[in-house]
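Let me begin by presenting the structure, written as structure tokens, before commenting on it.
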Amino acid sequence: MKQISYVLKEDVPLAAETEILVIGAGPGGLCAAVTAARRGRQVALAEHYGSPGGMANVGEISPFMPNHCSGECLDRPLYPEWLNRMRAYRSLPAIANRHSEWDGRTVSRYGAMLAAEDMLLEAGVKLHYHHTFFDLRKEDGSITDVIFHGKSGLRAIRAKIVIDATGDGDVAARAGCRFEFGNSEGYCQPMTLCFKLCNVDKNRMPPRQEITALYLKAKEAGRIDCPREDVLWFDDFDSDVIHFNTTRVVKHNPLDAEDLSDAEIIARRQLRAFLKFLREEVPGFERAELHSVAARIGVRESRRILGKAFIGIREFETRAKFPDGIARVNYPIDIHNPSGSGTDLRHLSEDEYYEIPYGCIVPPGVSNLLIAGRGISVDHALHSSMRVMPPVCSIGQAAGMAAAMAVEKQCRPEELNGAELRAELKEFGANL
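No gaps in the numbering here: position 281 of the sequence shown is 269 in this note's numbering, and each next residue is one more.
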């Protein structure tokens, strides 16, 4: 690619100063910000979009994947609180801490957004929407200012502790942190554009296996071009709505703008083909219409920021536990083939889990940075298990608690006693 010479030299207004700055308002950022603010700290949250909730909002993700042990939610307290508060916008009953595998996990994107904002505002978090991460300043191994781009140009926010909840590790990478990317061949898990159809007669829908058989026949005939091996769909709140998590875009880099643009086009091309196929070939979908389409394609995997600790498939297989464990995960290894068809699923039994140690969210070399979200210090296989939203909420609340404790103790996050952090999280209500 040809290069041009362009040097940006301008003074940047210091828009805000805060104790803790969270970048990204998805599940990890939401829970990090709320936890730190409820601890009494001054917290600012900067978000690229105009609303919080991350992919539960703009990505049309539903339902949340299950992460429970013997019927008990592993991600207390903020994840079930968020889930219950979004249900209030649908006039639905609250869910209990003990429930069946899929009970209560259907998501309304608007409920997710509004409930997240309710929690943030009530906690006293200062929200900075339409702030896209641009750059940062470092001094002596510490981030001093984070620079954002928005409609008013560049502006900076200064903070004592910075939490990268971008999902892609954008801040950490810019700060010079080391990371891993994708599998051994350099490919990440495929991207997916979710969508919902309405006017579906569910009483006439064939069983899942029959829909998949019709889909595979249509693929073989060239009527659909999608690498996915089956049709993945979920029920919705409304009696005539079905949620589809079926598009698949492989071998595209989620950190490359042109690849992302191409992926959006490919996924919507697949959506059009699915809609035509369902209307013409699957009973119950004859009158189906688009109910909603995600505002952007969903990214399962990108950077995994290396931390003071690192865990992988061995820790999954041995159900590893740690004195400084900050989150528990029962969700299976769930690797959507980065190169084509197939999904690698490896389950734990329903009464087993592994733990994520505190060091997985503490990157060395940047003294005031923590990671909250899917891009933590794990290998490609384990990432496929911990990347889903419930454990990401637990990771986020741990990052928020660690940031608050670091401010209180006037120390670096890496200097915190992980066992003490775990005890504080338990006092907060975490299932540890």
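Every residue, glycine too, gets a C-beta built ideally from N, C-alpha and C.
Asked	Found
Best match in I253, S50, I323 for proximity to K184 [C-alpha to C-alpha]	S50
Alpha carbon of Y319 to alpha carbon of C381, nearest angstrom	14 Å
Buried versus exposed, by CB contacts within 10 Å (16 or more), H368	buried
Those runs of the alpha helix (DSSP H) which lie wholly inside the segment 240 to 271 and span at least 4 residues	245 to 269
Delimiting residues of the alpha helix (DSSP H) encompassing L357	First-last for L357: 357 to 359, but that is the beta strand (DSSP E), not the alpha helix (DSSP H).
Cβ pair L33, M107 closer than 8 Å	no
Beta carbon of I293 nearer than 8 Å to that of A418	no
Cβ neighbour criterion (16 or more within 10 Å) applied to I253	exposed
T421 in three-state terms, based on DSSP	Residue coverage of the chain in this structure runs from -11 to 420, which leaves residue 421 outside it and unanswerable.
Boundaries (first-last residue) of the beta strand (DSSP E) holding H324	321 to 324
Completely contained beta strand (DSSP E) runs for the segment 163 to 225, where each covers 3 or more residues	167 to 169, 183 to 186, 221 to 223
Three-state secondary structure assigned by DSSP to P378	helix
C-beta atoms of G16 and A209 nearer than 8 Å	no
For I199, the nearest candidate out of F232, C186, F225 (CA to CA)	F232
Three-state class that DSSP yields for C61 in the structure shown	strand
Limits of the alpha helix (DSSP H) - the one that F122 falls within	First-last for F122: 120 to 127, but that is the beta strand (DSSP E), not the alpha helix (DSSP H).
Simplified DSSP state of D158, which is helix, strand or coil	helix
Of the residues R410, V229, E338, A283, the one placed nearest I57, counting alpha carbons only	According to the sequence shown, residue 57 is Cys rather than Ile. The residue with the shortest Cα to Cα distance from C57 is E338.
Pair within 8 Å by beta-carbon distance, R143 and A3	yes
C-alpha gap between A261 and A147, whole angstroms	48 Å
Sequence-distant residues of its chain with Cβ nearer than 6 Å to A282 (five each side left out)	G47, E48, L181, C182
Short Cβ contact (8 Å threshold) for K126 with T132	yes
Residue interval of the beta strand (DSSP E) (run including A32)	31 to 34
The segment 394 to 408 touching the segment 308 to 322, judged by at least three CB pairs closer than 8 Å	yes
V150 vs N325 beta-carbon contact at 8 Å	no
Three or more C-beta pairs below 8 Å linking the segment 57 to 70 and the segment 376 to 392	yes
G28 - DSSP class collapsed to helix/strand/coil	coil
Any 3 or more C-beta pairs closer than 8 Å across the segment 393 to 404 and the segment 329 to 343	no
Three-state class that DSSP yields for A103 in the structure shown	helix
Residue nearest to V354 in terms of C-alpha spacing, selected from N55, G295, Q258, A82	G295
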